[in-house]
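S.K.: Chains W and B, in that order, give the protein sequences. Counting with the working numbering, you get residues 151 to 304 for the letters of the first sequence. Counting with the working numbering, you get residues 151 to 304 for the letters of the second sequence. Where is the CB? At the ideal position from N, CA and C, for every residue including glycine. Note that the structure is predicted; figures quoted are calculated from it, not measured.
2 protein chains.
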Amino acid sequence: MRGLTGPMVLALAEAEAAFARGEVPVGAVVVGPTGTILARAGNQIEATADPTAHAELLALRAAAQALGTPRLVGCALYVTLEPCPMCAQAIAFARIARLYYGAEDPKGGGVDHGPRIFQSTSCHHRPDVYGLIGAAPAAELLQRFFRDRRPGKG
Amino acid sequence: MRGLTGPMVLALAEAEAAFARGEVPVGAVVVGPTGTILARAGNQIEATADPTAHAELLALRAAAQALGTPRLVGCALYVTLEPCPMCAQAIAFARIARLYYGAEDPKGGGVDHGPRIFQSTSCHHRPDVYGLIGAAPAAELLQRFFRDRRPGKG
């Protein structure tokens, strides 16, 4: 995690905790307008039997609870993997100001791949997007997770 | 609601209840493989301060809780409005077999408008989609809601 500081380090720690739980290792952190950590979460799909329990959605919901409003004006989201279309649209609904993501996701991403949610006519709020922040450790963790689960690995 | 039967009538009732709570009037129902109603919900964004609390997401999560799995294989979702990109992707993640929706949503929809989530390379499960089921009462409810909130209406 050389060179990485601040919220993305916390997001990676959430991804590692998700890995240890047997979840796809993705972690997310929401930072408030003054730099306060409002929420942090890792994937919880299997543990909670919730198909929507991606790290980003859990962190957005927890941050909204913390602030008492569904509109996270001036907040930033840090996530270890490019958000999927579901999470990208949730980021837009939540009015997130800045999105920082780690590894890119050509197969399932919805920000710089696939439907490119923030460029769509259906998107009415666009965060500033900074990709490939801390990409190497985030990608390594994901590769290790899926390698361990490859059929034939026993 | 002439001609409408079954789950879409329940979804419309959820939309009307959302209207009465001051939420954008959208309702959703998840039906199991044998026709059982697994979950029903209306929008709860303002009431719960949750930017992701669309009717579809709430119904999908409740149905997954009811079945104890994030994968709603063989289930159908009925919703009064064309799902947004967030909900469309959640429907794909949840492995919903059939989607029935009411009014179309050219500005915010993500199924037959905007990013057309199910046609994207990032979508790995595509439900059968049946649009404009009970569209008239669903659209009338939405039009009434937004008319009441138009600036200058006092």
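#1: Considering just the uninterrupted stretch of the alpha helix (DSSP H) at Thr198(B), what are its terminal residues?
#2: I want to see whether chain W comes within less than 8 angstroms of Arg299(B), judged by CB atoms only; does it?
#3: Is the region 163 to 172 of chain B touching the region 157 to 167 of chain W, taking contact as three or more C-beta pairs under 8 angstroms?
#4: Smallest Cα separation from Pro277(W): which of Ile246(W), Gln293(W) and Val176(W)?
#5: Using the beta-carbon of each residue, which ones in chain W are nearer than 7 angstroms to His263(B)?
#6: Thinking C-beta only, is Ala191(B) closer than 8 angstroms to Ala178(B)?
#7: Identify whether Gln293(B) lies in helix, strand or coil by the three-state DSSP scheme.
#8: Quick one: what's got a C-beta closer than 6 angstroms to Gly182(B)'s C-beta in the same chain, skipping five residues either side?
#9: Skipping 5 residues on each side, what residues in its chain have a beta carbon closer than 6 angstroms to that of Ala213(W)?
#10: For chain W, find out if any of its Cβ atoms is closer than 8 angstroms to the Cβ of Cys234(B); answer yes or no.
#11: If contact is defined by three or more beta carbon pairs under 8 angstroms, each pair taking one atom from either stretch, is the region 258 to 273 of chain B in contact with the region 287 to 300 of chain B?
#12: So for Ala226(W), helix, strand or coil by DSSP?
#13: Can you name, in chain order, every residue of its own chain whose Cβ lies under 6 angstroms from the Cβ of Ala244(B), other than the five neighbours on each side?
#14: Going along chain W, which residues have a C-beta under 9 angstroms from Gln215(B)?
#15: Please identify, using Cβ separations under 9 angstroms, the residues of the region 168 to 194 of chain B that lie next to chain W, in order along the chain.
M.R.: Quick answer:
#1: Ile195 to Thr198
#2: no
#3: no
#4: Ile246(W)
#5: Ser272
#6: yes
#7: helix
#8: Non-local beta-carbon contacts of Gly182(B) in its own chain, meaning distances under 6 angstroms to residues more than five positions away in sequence, involve Leu188 and Cys225 in chain order.
#9: If we look at Ala213(W) and ignore the five residues flanking it on each side, its Cβ neighbours are Val180, Leu188, Ala189 and Leu222.
#10: yes
#11: Judged by Cβ distances under 8 angstroms, the region 287 to 300 of chain B makes no contact with the region 258 to 273 of chain B, as fewer than three pairs qualify.
#12: It is a strand residue.
#13: Leu210 and Leu222
#14: Identification of chain W residues near Gln215(B) by a Cβ-Cβ cut-off of 9 angstroms yields Thr198, Ala199 and Asp200, ordered along the chain.
#15: none
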